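Counting from 1, position 47 in the sequence shown corresponds to residue 46 in numbering that gives the first Met the number 0; the numbering is continuous, with no gaps.
We put the beta carbon where it would ideally sit given N, CA and C, even for glycine.
These numbers were taken from a predicted model, which means no experiment stands behind them.
Below is one structure, written out as structure tokens; comments come after it.
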Amino acid sequence: MAKVALVETKPSRTNYKNEFDGEFEFDQYQLCSDPNIKKVLKRDVNIEIDTDAYEWIILVGSDALKYFTKINSVTEYSGKKVEDKFLPVINPAMLAFKPEAQRTWDDSKKSIIEYINGDLVDTVITEYNAYGIQDT
Numbered sequence: 000m001a002k003v004a005l006v007e008t009k010p011s012r013t014n015y016k017n018e019f020d021g022e023f024e025f026d027q028y029q030l031c032s033d034p035n036i037k038k039v040l041k042r043d044v045n046i047e048i049d050t051d052a053y054e055w056i057i058l059v060g061s062d063a064l065k066y067f068t069k070i071n072s073v074t075e076y077s078g079k080k081v082e083d084k085f086l087p088v089i090n091p092a093m094l095a096f097k098p099e100a101q102r103t104w105d106d107s108k109k110s111i112i113e114y115i116n117g118d119l120v121d122t123v124i125t126e127y128n129a130y131g132i133q134d135t
């Protein structure tokens, strides 16, 4: 089984094991260990994680996504592989006040589970399987 880490912004009551239907084991981290901070800034981040030790890193919410990548929009990339090992996903707690995001969450959850289980892999396009007009 792949080694997986889940990174959220700060400690929360969300049970991610249940949210992902117990499909895989993961180590859970927070960018900031202080749950009382309203908005986590770069100076508040005190996470200690060796990203090379994990095959997959699930980034919950835009703050975690921005910290590990240069991408700003978590909804645009939710459930998609980014930079070979990061799997951004919207925070499931947001469904309480934005129920229209349920489909995004469901699709993202399915995609993340498939990536981790090895059922979903990226297709590499080479000259063997993609060719066209070379010279005219």
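If residue i and residue j are in contact, beta carbons under 8 Å, what's the gap, nearest whole angstrom?
{"i": "Thr8", "j": "Gln29", "result": "7 Å"}
{"i": "Lys80", "j": "Tyr114", "result": "6 Å"}
{"i": "Asp106", "j": "Gly78", "result": "6 Å"}
Return the chain-ordered list of same chain residues with a C-beta closer than 6 Å to the C-beta of residue i, the five sequence neighbours on each side being excluded.
{"i": "Gln27", "result": "Leu5"}
{"i": "Lys69", "result": "none"}
{"i": "Tyr15", "result": "Leu5"}
Under 7 Å Cβ to Cβ from residue i, same chain only, skipping five residues before and after it: list those, please.
{"i": "Trp104", "result": "Ile89, Pro91 and Leu94"}
{"i": "Val39", "result": "Thr8, Lys9, Leu30, Cys31 and Asp62"}
{"i": "Glu82", "result": "Thr68"}
{"i": "Ile35", "result": "According to the sequence provided, residue 35 is Asn. The question's Ile does not apply to it. Result list for Asn35: empty, nothing under 7 Å."}
{"i": "Ala1", "result": "Glu54, Trp55 and Ile115"}
With H, G and I counted as helix, E and B as strand and the rest as coil, what does DSSP make of residue i?
{"i": "Ala52", "result": "helix"}
{"i": "Glu47", "result": "coil"}
{"i": "Glu18", "result": "helix"}
Less than 8 Å between C-beta atoms, sequence neighbours within five positions excluded: which residues of the same chain meet that for residue i?
{"i": "Val3", "result": "Phe23, Glu24, Phe25, Asp26, Tyr53, Glu54, Trp55, Ile56, Ile57 and Ile115"}
Stretch pair the region 42-51 + the region 10-24: three plus CB contacts closer than 8 Å
No, because fewer than three Cβ pairs between the region 42-51 and the region 10-24 fall closer than 8 Å, the two stretches do not touch.
Stretch-stretch touch, CB-based, cutoff 8 Å, three pairs: the region 32-47 with the region 74-85
no
Inside the region 55-132 only - alpha helix (DSSP H) runs reaching at least 4 residues
60-67, 73-76 and 101-116
Given 8 Å as the limit, is there contact between the region 51-65 and the region 86-93, that is, 3 or more CB pairs closer than that?
With a cut-off of 8 Å, the region 86-93 and the region 51-65 count as touching, because enough Cβ pairs lie within range.
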